[in-house]
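First the structure, in the form of structure tokens, and then the observations on it.
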Amino acid sequence: MFSPHGQKYPTDPDQIIHARTMTVQEMFAHGDAGLLVPHRHRQYIWGDGQVSRFVGDICRCVVRLIADRSATHCFGSIILLRDFSSDQSIQRLDPYFTPPTLSTLVDGQQRLATLALVASRVYWRLHELRAITHDDECRTLRDVFDQHMDALLNICSFSLRSGFPWRRPIMIHGRFDSWHEHALSGGVYQSAVSDYLGQFLRTLMTDALKPPVDPSSFLAPHIAMIDRWLNVITTADHSTGESYVTAWTIRSGLSYLDRQLFIHPAIIAAVAGPTGDRDSISYRLQAFVLLWAFAHTLLRRCCFVVITPTTERAMESVLEVRRRELAQEDAG
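Residues in the sequence shown are numbered from 8 upward in steps of one, following our numbering.
Set out below in structure tokens:
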């Protein structure tokens, strides 16, 4: 077996490596998973182009699903370790605030960090659109909103299931950060992704209007790029471009994904054609259908190959392969 970077993993029977393909929703189904980036790894470094391709791949999978009901998109393989006996980053964590399920993220930081950023922005769009469920004709759509919002929240945070605040960023960097008590205080996290996710959760738990984005942050252009994609998605019905499918195309081509949703009277009425009134229920329902297709595809049709060494020898071998890869990247 080869690593995502071309290095060969051990094939000795005593060095067992378990690989399983999992959808994004399956990976974070229980809402209790936390990821620790090892101390020796660099911070998040993806650029705008990589973030744009990541979101674009999800959009293209939505389009493929119209013609091919079995369409999926794989983001590649990631490596998780769950034996922490020698990890100093783990040893110094406060066990009271450590996630119930904790993994060291040996490979996949860039993709999973981007996934968390995307999930947080899609969550917030759904959070804003959910206001339409106060209308009597849309009240029964609340469960659809809540199911997808809960699943998205599990991608960018984990739950301690007690105390307040009960949510923490899903990912921290072992060199800079720790999960601890003061989760709602500013400046708690030093790494860019954890800091942004902390701000997102603070906004969510304090009922602020919108998650702030520091314009001087390394992530500011990444968040802006994701938001531009989401603007394209949620306004596709009112655009002359061909960059995303329309709500009525989704209803006719993707209704098999959730038949109950697409026979809802309010949805049927809303997706009959474009509407010019941005404040109307129909306009916002069209935006919801467009965003729902994106979120549904991200959660249930996008996947990773999750590689988990199951013996100590396998773990050491994988770590050695990854150390060589990092050394080659630094030398290049």
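Heads up, the beta-carbon is just placed ideally off N, CA and C, and yes, glycines get one too. For clarity, every value in this text was computed on a predicted model and none was experimentally measured.
Handout entry: Buried versus exposed, by CB contacts within 10 Å (16 or more), CYS309
Key = buried
Problem - According to DSSP, residues forming a beta bridge with ASP112 - result: The question names Asp, but residue 112 in the sequence shown is Leu. Per DSSP, LEU87.
Exercise for the section: Report yes if the CB atom of LEU87 is closer than 8 Å to the CB atom of VAL113, and no otherwise. Expected result: yes
Handout entry: Buried versus exposed, by CB contacts within 10 Å (16 or more), ALA26
Key = exposed
Practice task
Return the Cβ separation of LEU239 and TRP255 in integer angstroms, given the expectation that the two are a contact with Cβ distance under 8 Å.
Solution key: As written in the sequence, residue 239 is Val, which differs from the Leu given in the question. Not quite, the Cβ-Cβ distance comes to about 17 Å (not below 8 Å), so this is no contact.
Problem - Beta carbon of THR241 nearer than 8 Å to that of LEU298 - result: Yes, they are a contact pair.
Handout entry: Distance between ASP286 and MET34 (C-alpha atoms, nearest Å)
Key = About 37 Å.
Practice task
Mind checking which residues open and close the beta strand (DSSP E) that includes ILE179?
Solution key: 178-180
Problem - Cut-off 6 Å between Cβ atoms - residues of its own chain near ASN161, not counting five sequence neighbours on either side - result: PHE35, GLY38
Handout entry: THR341: first and last residue of the uninterrupted beta strand (DSSP E) it sits in
Key = Since the first and last residues shown for the chain are 8 and 339, residue 341 lies out of range.
Practice task
Would you kindly report the start and end of the unbroken beta strand (DSSP E) that includes HIS25?
Solution key: 24-30
Practice task
Please look up how many angstroms separate the CB atoms of ARG46 and GLY205, rounded, as I've assumed it's under 8 Å.
Solution key: The amino acid at residue 46 is misidentified as Arg; the sequence shows His. Contact doesn't hold; Cβ gap of about 20 Å is too wide.
Exercise for the section: Find out if the Cβ-Cβ distance for the pair ARG174, LEU124 is shorter than 8 Å. Expected result: no
Problem - Outcome for GLN251 when other beta-carbon atoms lying within 10 angstroms are tallied against a minimum of 16 - result: First, the amino acid is wrong: residue 251 is Tyr here, not Gln. With 16 or more Cβ atoms within 10 Å of its Cβ, TYR251 is classed as buried.
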